[in-house]
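Here is the structure we will look at, set down as structure tokens.
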Amino acid sequence: MNTRESKLGLVVAGLLLGILMASMDNTIVVTAMGTIVGDLGGLESFVWVVSAYMVAEMAGMPIFGKLSDMYGRKRFFIFGLILFMIGSVLCGTAETITQLSIYRAIQGIGGGALVPIAFTIMFDLFPPEKRGKMGGLFGAVFGLSSIFGPLLGAYITDHISWHWIFYINLPLGILSLVFVSVAYKESPIHQKQIIDWWGAFTLIGAVVCLMFALELGGQKYDWDSRVILSLFACFATLFILFLYAETKAKDPIISFSMFKNRLFAGSTLVSLFYGAAFMAATVYIPIFVQGVYGGTATNSGLILLPMMLGSVVTAQTGGFLTTKMSYRNIMFLSGAILIIGFLLLSSISPDTSRALLTVYMIVIGLGVGFSFSVLSMAAIHPFGIEQRGSATSTSNFIRTLGMTIGITIFGTIQRSNLKEGLEDAFSGMGAMKGQAFGDSQALLSEGARSHIPPQILDKITEVLSSSIVHTFTWALVPSGIAFLLIFILGKDRLRITRQATSK
Numbered sequence: 001m002n003t004r005e006s007k008l009g010l011v012v013a014g015l016l017l018g019i020l021m022a023s024m025d026n027t028i029v030v031t032a033m034g035t036i037v038g039d040l041g042g043l044e045s046f047v048w049v050v051s052a053y054m055v056a057e058m059a060g061m062p063i064f065g066k067l068s069d070m071y072g073r074k075r076f077f078i079f080g081l082i083l084f085m086i087g088s089v090l091c092g093t094a095e096t097i098t099q100l101s102i103y104r105a106i107q108g109i110g111g112g113a114l115v116p117i118a119f120t121i122m123f124d125l126f127p128p129e130k131r132g133k134m135g136g137l138f139g140a141v142f143g144l145s146s147i148f149g150p151l152l153g154a155y156i157t158d159h160i161s162w163h164w165i166f167y168i169n170l171p172l173g174i175l176s177l178v179f180v181s182v183a184y185k186e187s188p189i190h191q192k193q194i195i196d197w198w199g200a201f202t203l204i205g206a207v208v209c210l211m212f213a214l215e216l217g218g219q220k221y222d223w224d225s226r227v228i229l230s231l232f233a234c235f236a237t238l239f240i241l242f243l244y245a246e247t248k249a250k251d252p253i254i255s256f257s258m259f260k261n262r263l264f265a266g267s268t269l270v271s272l273f274y275g276a277a278f279m280a281a282t283v284y285i286p287i288f289v290q291g292v293y294g295g296t297a298t299n300s301g302l303i304l305l306p307m308m309l310g311s312v313v314t315a316q317t318g319g320f321l322t323t324k325m326s327y328r329n330i331m332f333l334s335g336a337i338l339i340i341g342f343l344l345l346s347s348i349s350p351d352t353s354r355a356l357l358t359v360y361m362i363v364i365g366l367g368v369g370f371s372f373s374v375l376s377m378a379a380i381h382p383f384g385i386e387q388r389g390s391a392t393s394t395s396n397f398i399r400t401l402g403m404t405i406g407i408t409i410f411g412t413i414q415r416s417n418l419k420e421g422l423e424d425a426f427s428g429m430g431a432m433k434g435q436a437f438g439d440s441q442a443l444l445s446e447g448a449r450s451h452i453p454p455q456i457l458d459k460i461t462e463v464l465s466s467s468i469v470h471t472f473t474w475a476l477v478p479s480g481i482a483f484l485l486i487f488i489l490g491k492d493r494l495r496i497t498r499q500a501t502s503k
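Each residue of the sequence shown is one higher than the one before, starting from 1 at the first, in this note's numbering.
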């Protein structure tokens, strides 16, 4: 292996480590949340530990994508790494759920630079004949980390301390920093642009208002209360201002001109709904395992291993097939498998065996894995080097938007069904009804379950199971919409005979 190949290998290793950290932190707290809430309190606010990271990451993606086009990929990838590690250290020192949510937002800003810029650097470094293989590799790591995160978070929480689910990022980040700093020499070709700050602020503000409205509505406030109606009004106003700002910006944060390209528009919209559906499985399967079957956080994370393996297999396969088949045909296969997976999940119950649930998880993993590599490559395909950063960041931005809104909407659906189910199950039981509401939260603690009377435990478990299955049924909606949107992709595929040109 010559010096150039050695340096290229180090760059790839550094980029993969960055993707591993940033995408894993989307989900690493999922199976640790029961323990974190037990330690810090704030059950009513725990969803913001996940959402704060996603919103901040989403905010950073299009901004860092444009900055990397303007001033170079390397400096902003390194900046993202450093900020991400600072946020990780702060998260490990959090003493309240509010502090943790704020520190997660700092992490998310750094993460917003890592994933899109890593994919863009990969596309810059490798010729068309190698992009399918490398795209499969990058997509596999993205998929692996998205599923491996809950497992690692659960294991560390059970055997060390939840604080270390954040501290573990430091050695990975330092290695990535050294590899990229030393080995990556980028092209001096950049494109001067203007950052669309108005677009960024209005879009993120709109998303945050929508999330607060969905999160607080029906829980802390009635849906027709002044607070919730005001939040929806702010969302609508800010979103309209965002659309207006994008029509006036010289270099909009989300370039509508890019969406004139059929392949980019299709792949990006499919990513939006894939992200929403994927979060339903990733978040609620561990809760089902821990709350319905019982057991530790590690057990709930272990059940996701088959899903992880399935997604890795199809992420690699999808990258390979991009030179053999059109992006559309590959995603048709992916979409059909994903819909079948959620149909299967919508049929589970407390009597469903773990072995059968494992099979269903494999199906979900196989379905979603294609998207990690194929959609990322399809989004970049139509554009030249000067626009790849913006194209990648916009695609990842839209996927993260789908994940962020998805987890909020599905959280609202699940909590609403759980609350109604408990009210029906324990109506007229007085004090026992109050005990049931309290014990429904204790289901995620193996020790606390043993203190719940069997007749109460059975009823709560059945209601919890029903609320999660109802959520899986709703996940068929974004899965079905994504399948229909795949038709937009056209017949494009990765061609190795010539460079992709800007359209």
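The C-beta atom is built at its ideal place from N, Cα and C for all residues, glycine as well.
Problem - Under the three-state DSSP convention, the category glycine 384 falls into - result: Working through the sequence shown from its first residue, we reach residue 384 at position 384. DSSP, read as helix, strand or coil, puts glycine 384 in coil.
Practice task
Please determine if the stretch 407–421 and the stretch 349–360 are in contact, where contact requires at least 3 C-beta pairs separated by less than 8 angstroms.
Solution key: Under the 8 angstroms Cβ criterion, the stretch 407–421 does not count as touching the stretch 349–360, having fewer than three qualifying pairs.
Practice task
Could you tell me how far apart the beta carbons of alanine 213 and leucine 231 are, in whole angstroms, since I believe they sit closer than 8 angstroms?
Solution key: Along the sequence shown, one-based indexing puts residue 213 at 213. Along the sequence shown, one-based indexing puts residue 231 at 231. The Cβ separation is near 4 angstroms, so the contact holds.
Handout entry: Separation of alanine 233 from tyrosine 511, as counted between CA atoms
Key = Any answer about residue 511 is impossible in this case: the structure gives the chain only from 1 up to 503.
Practice task
May I ask you to verify whether the stretch 275–282 touches the stretch 323–337, counting CB pairs closer than 8 angstroms and requiring at least 3?
Solution key: A contact is defined here as three or more CB-CB pairs under 8 angstroms, and the stretch 275–282 fails this definition with respect to the stretch 323–337.
Practice task
For the stretch 302–321 and the stretch 456–476, state whether three or more C-beta atom pairs, one from each stretch, are separated by less than 8 angstroms.
Solution key: Flag = no, the stretch 302–321 and the stretch 456–476 do not touch.
Practice task
Look at the Cβ atom of threonine 202, then the Cβ atom of alanine 249, and state whether they are nearer than 8 angstroms.
Solution key: As a working mapping, residue 202 is identified with position 202 in the sequence shown. As a working mapping, residue 249 is identified with position 249 in the sequence shown. Their beta carbons are not under 8 angstroms apart, which means threonine 202 does not touch alanine 249 by this criterion.
Exercise for the section: For the stretch 341–408, list the alpha helix (DSSP H) runs that are entirely contained and at least 4 residues long, ordered along the chain. Expected result: For the stretch 341–408, whole alpha helix (DSSP H) runs of length 4 or above, ordered along the chain, are 354–380.
Handout entry: Candidates Ser346, Tyr184 and Phe320, of which the one nearest glycine 14 by Cα
Key = Indexing the sequence shown from 1 puts residue 14 at position 14. Checking every option, the nearest Cα to that of glycine 14 belongs to Tyr184.
Practice task
Quick one: residues in its chain with C-beta nearer than 8 angstroms to the C-beta of phenylalanine 76, no 5 flanking neighbours on either side, listed in chain order?
Solution key: Residue mapping note: residue 76 aligns to position 76 of the sequence shown, counting from 1. Result list for phenylalanine 76: Phe64, Leu67, Ser68, Ala113 and Ile117, in chain order.
Exercise for the section: Please report the Cβ distance between leucine 210 and phenylalanine 235, rounded to the nearest whole angstrom; I am assuming they are in contact, meaning their Cβ atoms lie under 8 angstroms. Expected result: Within the sequence shown, residue 210 is the residue found at index 210, counting from 1. Within the sequence shown, residue 235 is the residue found at index 235, counting from 1. 4 angstroms between Cβ atoms; contact.
Exercise for the section: Give a yes or no on whether the C-beta atoms belonging to leucine 464 and valine 292 are separated by under 8 angstroms. Expected result: Numbered from 1 along the sequence shown, position 464 holds the residue referred to as residue 464. Numbered from 1 along the sequence shown, position 292 holds the residue referred to as residue 292. The Cβ atoms of leucine 464 and valine 292 sit closer than 8 angstroms to each other.
Exercise for the section: Can you tell me the Cβ-Cβ gap for glycine 108 and valine 50, rounded? I've got them flagged as a contact below 8 angstroms. Expected result: Along the sequence shown, read from residue 1 onward, the residue named residue 108 stands at position 108. Along the sequence shown, read from residue 1 onward, the residue named residue 50 stands at position 50. With 8 angstroms as the limit, glycine 108 and valine 50 do not qualify as a contact, their Cβ atoms being about 10 angstroms apart.
Problem - Alpha-carbon spacing of glycine 434 relative to glycine 411, whole angstroms - result: Position 434 of the sequence shown, counting from 1, holds the residue named residue 434. Position 411 of the sequence shown, counting from 1, holds the residue named residue 411. Low confidence applies to glycine 434: its pLDDT is 47, below 50, so where it sits in the model is not reliable enough to give any reading.
Exercise for the section: May I ask whether a heavy atom of the ligand FMN can be found less than 7 angstroms away from the beta carbon of glycine 335? Expected result: No copy of the ligand FMN occurs in the structure displayed, which carries no ligand at all.
Exercise for the section: Please confirm whether leucine 229 and leucine 125 have their CB atoms less than 8 angstroms apart. Expected result: As a first step, residue 229 must be located in the sequence shown, where it is residue number 229. As a first step, residue 125 must be located in the sequence shown, where it is residue number 125. No, Cβ-Cβ distance for leucine 229 and leucine 125 is not below 8 angstroms.
Handout entry: C-alpha gap between threonine 93 and isoleucine 160, whole angstroms
Key = Here residue 93 is taken as the residue at index 93 of the sequence shown, counted from 1. Here residue 160 is taken as the residue at index 160 of the sequence shown, counted from 1. Computed Cα separation, rounded: 15 angstroms.
Exercise for the section: Sort Ser101, Thr394 and Gly294 by Cα distance to glycine 87 and report the nearest one. Expected result: Start at 1 with the first residue of the sequence shown, and residue 87 comes out as number 87. Taking only the C-alpha atoms, the option nearest glycine 87 is Ser101.
Problem - Same chain, Cβ closer than 6 angstroms to threonine 473, neighbours up to 5 away in sequence not counted - result: Against the sequence shown, residue 473 aligns to sequence position 473. Once the five neighbours on either side are set aside, the close Cβ partners of threonine 473 are Ser346.
Practice task
Quickly, what does DSSP pair tyrosine 53 with across the bridge? List them, please.
Solution key: The residue you call residue 53 lines up with position 53 of the sequence shown. Bridge pairing for tyrosine 53: absent [DSSP].
Practice task
Starting from the Cα of serine 255, find the closest Cα among Phe383, Ile19, Trp164 and Val89 and give me that residue.
Solution key: The sequence position of residue 255 within the sequence shown is 255, counting from 1. Distances from the alpha-carbon of serine 255 to those of Phe383, Ile19, Trp164 and Val89 put Phe383 closest.
Exercise for the section: Apply the 10 Å Cβ neighbour rule to serine 371 and answer buried if 16 or more other Cβ atoms are within range, or exposed otherwise. Expected result: Start at 1 with the first residue of the sequence shown, and residue 371 comes out as number 371. Residue burial is scored here from C-beta neighbours: serine 371 has at least 16 other C-beta atoms within 10 angstroms and is therefore classed as buried.
Practice task
Run the CB neighbour count on arginine 226, radius 10 Å, all protein chains shown included, and call it buried at 16 or more, exposed below.
Solution key: Here residue 226 refers to the residue found at position 226 of the sequence shown. Answer is exposed; the Cβ neighbour count stays below 16.
Exercise for the section: Along the alpha helix (DSSP H) that carries asparagine 169, what are the first and last residues, could you check? Expected result: In the sequence shown, the residue the question calls residue 169 occupies position 169. 169–183 is the span of the alpha helix (DSSP H), which, as asked, contains asparagine 169.
Practice task
Kindly indicate which three-state DSSP category glycine 80 falls into: helix, strand or coil?
Solution key: Within the sequence shown, residue 80 is the residue found at index 80, counting from 1. Of the three classes helix, strand and coil, the one that applies to glycine 80 here is helix, per DSSP.
Exercise for the section: Per DSSP, which residues does glycine 217 bridge with? Please list them. Expected result: For the purposes of this step, residue 217 is taken as residue 217 along the sequence shown, with counting starting at 1. Bridge partners of glycine 217: Tyr221.
Problem - Exposure label - proline 62; buried when at least 16 CB within 10 Å - result: Here residue 62 refers to the residue found at position 62 when the sequence shown is read from its first residue. Flag for proline 62 reads buried.
Problem - Cα-Cα separation, serine 467 to glycine 421 - result: Residue numbering aside, residue 467 sits at position 467 when the sequence shown is read from its first letter. Residue numbering aside, residue 421 sits at position 421 when the sequence shown is read from its first letter. Within the model, the alpha-carbon separation for serine 467 versus glycine 421 is close to 8 angstroms.
Exercise for the section: Quick one: using the 10 Å Cβ neighbour count with 16 as the cut-off for buried, is arginine 104 buried or exposed? Expected result: Position 104 of the sequence shown, counted from the start, is the residue given in the question as residue 104. Classification of arginine 104: buried, given that the 10 Å Cβ count is 16 or more.
Practice task
Put alanine 436 into one of helix, strand or coil per three-state DSSP.
Solution key: Residue 436 sits at position 436 when you count from the first residue of the sequence shown. Unreliable positioning characterises alanine 436 in this predicted model, as indicated by a pLDDT of 47, which lies under 50. A coordinate reading is not provided.
Handout entry: Endpoints, the alpha helix (DSSP H) within which tyrosine 293 is located
Key = Start at 1 with the first residue of the sequence shown, and residue 293 comes out as number 293. Looking at the DSSP string, tyrosine 293 is not in any alpha helix (DSSP H), and its letter there is neither H nor E.
Handout entry: Member of Ala379, Ile19 and Ser257 whose CA lies at the smallest distance from the CA of serine 176
Key = Looking up residue 176 in the sequence shown gives position 176. Comparing Cα positions, the closest option is Ile19.
Practice task
With DSSP collapsed to three states, give me the class of glycine 266.
Solution key: Here residue 266 is taken as the residue at index 266 of the sequence shown, counted from 1. Glycine 266: helix per DSSP, three-state reduction.
Problem - Alpha carbon of valine 11 to alpha carbon of glycine 369, nearest angstrom - result: Here residue 11 is taken as the residue at index 11 of the sequence shown, counted from 1. Here residue 369 is taken as the residue at index 369 of the sequence shown, counted from 1. Answer to the nearest angstrom: the Cα atoms are 24 angstroms apart.
Practice task
Look up glycine 411 in the DSSP assignment and say whether it is helix, strand or coil.
Solution key: In the sequence shown, the residue the question calls residue 411 occupies position 411. Three-state result, glycine 411: helix.
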